[in-house]
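Be aware that the sequence shown starts at 10, since it is given in the numbering used here, and climbs by one per residue. What follows is a set of notes on a single structure, which appears directly below.
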Amino acid sequence: MENRTIETLSENLKRLIAIIEGDASLEAIASAQKSFTSAVEEAMKKYNEGKIEVQVRGLPADMHIFATRDLPKIIEDEGQWPKILKDLKRFERVMELVVEPKEGD
Numbered sequence: 010m011e012n013r014t015i016e017t018l019s020e021n022l023k024r025l026i027a028i029i030e031g032d033a034s035l036e037a038i039a040s041a042q043k044s045f046t047s048a049v050e051e052a053m054k055k056y057n058e059g060k061i062e063v064q065v066r067g068l069p070a071d072m073h074i075f076a077t078r079d080l081p082k083i084i085e086d087e088g089q090w091p092k093i094l095k096d097l098k099r100f101e102r103v104m105e106l107v108v109e110p111k112e113g114d
């Protein structure tokens with residue numbers, strides 16, 4: 010069910026934000042980032058299958074690139090964490106505003 014895909018993505022996103030804000034170990038942050046990135050990959054797959062809708066068509070690609078290409082490269086740099094937090098919170102707001110499961114899914 011695609012609603013579950015979105016819920017899983019949201020849960021992983023919130024977990025990653027909380028772990029970074031909690032000043033956890035790099036290992037815990039990297040693990041949470043990998044879970045988040047996997048959830049984004051799954052959501053993108055569902056989006057490409059037409060099972061998730063967005064109100065702004067270009068956003069899924071940008072969000073996917075951030076989560077799968079950019080974030081894994083910078084997550085290990087503690088100096089980037091304030092920027093990462095800002096970007097993750099923006100990601101969360103965008104999800105809340107424009108991402109929804111397709112009716113009937």
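Positions of the beta carbon are idealized from the N, C-alpha and C atoms, including for glycine.
Q: For the beta strand (DSSP E) holding V65, just list the boundary residues, first then last.
A: Along the sequence shown, read from residue 1 onward, the residue named residue 65 stands at position 56. Note, V65: premise wrong, no beta strand (DSSP E); not H, not E.
Q) Start and end of the alpha helix (DSSP H) containing D86? A) Indexing the sequence shown from 1 puts residue 86 at position 77. For D86, there is no enclosing alpha helix (DSSP H), as DSSP marks it with neither H nor E.
Q. Below 8 Å between beta carbons: does that hold for L25 and L97?
A. One-based indexing of the sequence shown puts residue 25 at position 16. One-based indexing of the sequence shown puts residue 97 at position 88. Against a cut-off of 8 Å, the Cβ pair of L97 and L25 comes out as a contact.
Q. Looking only at DSSP bridge pairs, what is V108 linked to?
A. As a first step, residue 108 is located in the sequence shown; it is residue number 99 there, counting from the start. In the DSSP assignment, V108 forms a beta bridge with V63.
(Q) Measuring only the C-alpha atoms, how far is A48 from D79? (A) The count along the sequence shown starts at 1 and reaches residue 48 at position 39. The count along the sequence shown starts at 1 and reaches residue 79 at position 70. A48 and D79: Cα-Cα distance of roughly 15 Å.
Q | Straight-line Cα distance separating S34 from K82 | A | Residue mapping note: residue 82 aligns to position 73 of the sequence shown, counting from 1. Residue mapping note: residue 34 aligns to position 25 of the sequence shown, counting from 1. Looking at the two C-alpha atoms, the distance is approximately 17 Å.
Q: Determine the burial state of K54: buried for a count of at least 16 other Cβ atoms within 10 Å of its Cβ, exposed for fewer.
A: For the purposes of this step, residue 54 is taken as residue 45 along the sequence shown, with counting starting at 1. Exposed, by the Cβ-count rule.
Q: Determine the burial state of I74: buried for a count of at least 16 other Cβ atoms within 10 Å of its Cβ, exposed for fewer.
A: Along the sequence shown, read from residue 1 onward, the residue named residue 74 stands at position 65. Under this definition I74 is an exposed residue.
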